[in-house]
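Residues are numbered in the numbering used here as their position in the sequence shown, beginning at 1, plus a constant of 209. Quick reminder that beta carbons are idealized off the backbone N, C-alpha and C, glycines included. To keep things clear, I will list the structure first and then write my remarks on it.
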Amino acid sequence: MAKMRIGDKAERVLELLLGLRNKKIASALASRGFGKDDLEEGFALLRGLTDVSLAVLPPTSPDPAVVTELDRWENTWFPVANATLLRHYPDVHAPVFLHLSQTEGSAVVISVSTLLDRLAALTDPEAGYGPDGEDARALLERRGLTPAVVAEAEELLERVGSLEAPPVELPDLEEENARLAAAEEAMWAWYLEWSEIARSAIKDRSLLRRLGFLSRRRRSASSLGDVGEDVGEDEGEDDEGEDDEASSTSDAA
210 MAKMRIGDKA
220 ERVLELLLGL
230 RNKKIASALA
240 SRGFGKDDLE
250 EGFALLRGLT
260 DVSLAVLPPT
270 SPDPAVVTEL
280 DRWENTWFPV
290 ANATLLRHYP
300 DVHAPVFLHL
310 SQTEGSAVVI
320 SVSTLLDRLA
330 ALTDPEAGYG
340 PDGEDARALL
350 ERRGLTPAVV
360 AEAEELLERV
370 GSLEAPPVEL
380 PDLEEENARL
390 AAAEEAMWAW
400 YLEWSEIARS
410 AIKDRSLLRR
420 LGFLSRRRRS
430 ASSLGDVGED
440 VGEDEGEDDE
450 GEDDEASSTS
460 DAA
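Put into structure tokens, the structure is as follows:
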């Protein structure tokens, strides 16, 4: 017997939930104690399964378009700064480019940010560069690395997000898998209870189809697992007394 996937179960539950909002179906199940609280419980269990699933997703990567623009900026200005400082101010070049080189992909976010910080320090009296720092920065500006060009890179970095933000801690996968299994079990138990009760209390084929039972007539009985066989002998029979709303739903099924 093939095991149903969690996505198939969620789809089955959603179909039942949407059908249970029908007044005729709700009225038929009222004698079995079905009410608003039971409907809300079903939706809550389905949402709970979705919440657990989303919790295991990793954080998003920087916008590829922004990374591409930063990479273009790096490819243009890293060589200019490197060559200029190396020839004219080697003592300044050493700390500015210490463990710093051109990169690619998302790593440009770090390399460009580091270069900007070190260039800003050239004119900072407390950084210890002295007159050489001021002169080196002035020469870089003449080479084209102006405040406007620096501002362009800073704006791109802001679009990526704050580099000072703490890294997102991914949830423990073993713990999340256990929560996911528990949420799936609770949701499916709710479905098994009310799907069985619905088939016992409702005989109108149009309403049963609205709940998602008859639409699966062509599946083998074994594929339904604990849910059991679908109600009805012939999917193609014309149903007497179907209301317009149920008819449209069955046609779409």
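Straight-line gap, residue i to residue j (C-alpha atoms, nearest Å)
i	j	result
residue 423	residue 221	12 angstroms
residue 248	residue 272	40 angstroms
residue 244	residue 411	16 angstroms
residue 332	residue 341	9 angstroms
residue 324	residue 317	10 angstroms
residue 416	residue 256	25 angstroms
residue 227	residue 283	54 angstroms
residue 287	residue 339	23 angstroms
residue 278	residue 365	8 angstroms
residue 334	residue 384	52 angstroms
residue 306	residue 367	23 angstroms
residue 429	residue 401	Only weak support exists for where residue 429 lies, its pLDDT of 38 falling under 50; the coordinates are left without a value.
residue 336	residue 330	6 angstroms
residue 358	residue 290	13 angstroms
residue 314	residue 303	25 angstroms
residue 469	residue 274	Absent from the model: residue 469. The displayed extent of the chain is 210 to 462, so no value can be given.
residue 158	residue 241	This structure cannot settle anything about residue 158, because the visible part of the chain is limited to 210 through 462.
residue 369	residue 363	10 angstroms
residue 297	residue 345	8 angstroms
Terminal residues of the alpha helix (DSSP H) in which residue i lies
i	result
residue 225	215-229
residue 297	273-297
residue 423	That residue, residue 423, is in no alpha helix (DSSP H); it is neither H nor E in DSSP.
residue 307	Run containing residue 307: none; DSSP gives neither H nor E here.
Inter-residue CB distance, residue i and residue j (contact presumed, cutoff 8 angstroms)
i	j	result
residue 418	residue 231	With a Cβ gap of about 11 angstroms, residue 418 and residue 231 do not count as contacting.
residue 322	residue 311	At roughly 14 angstroms, the Cβ-Cβ gap does not stay under 8 angstroms, so residue 322 and residue 311 are not in contact.
residue 293	residue 348	6 angstroms
Check your understanding: Can you list, in chain order, the stretches of the alpha helix (DSSP H) that have 4 or more residues and sit fully within the region 232-257?
Key -> Scanning the region 232-257 for uninterrupted alpha helix (DSSP H) segments of 4 residues or longer gives 232-239, listed from N- to C-terminal end.
Practice item. Scan the region 310-386 and note each continuous beta strand (DSSP E) run of 3 residues or more that stays entirely inside, going in chain order. Key: Counting only runs of 3 or more, we get nothing.
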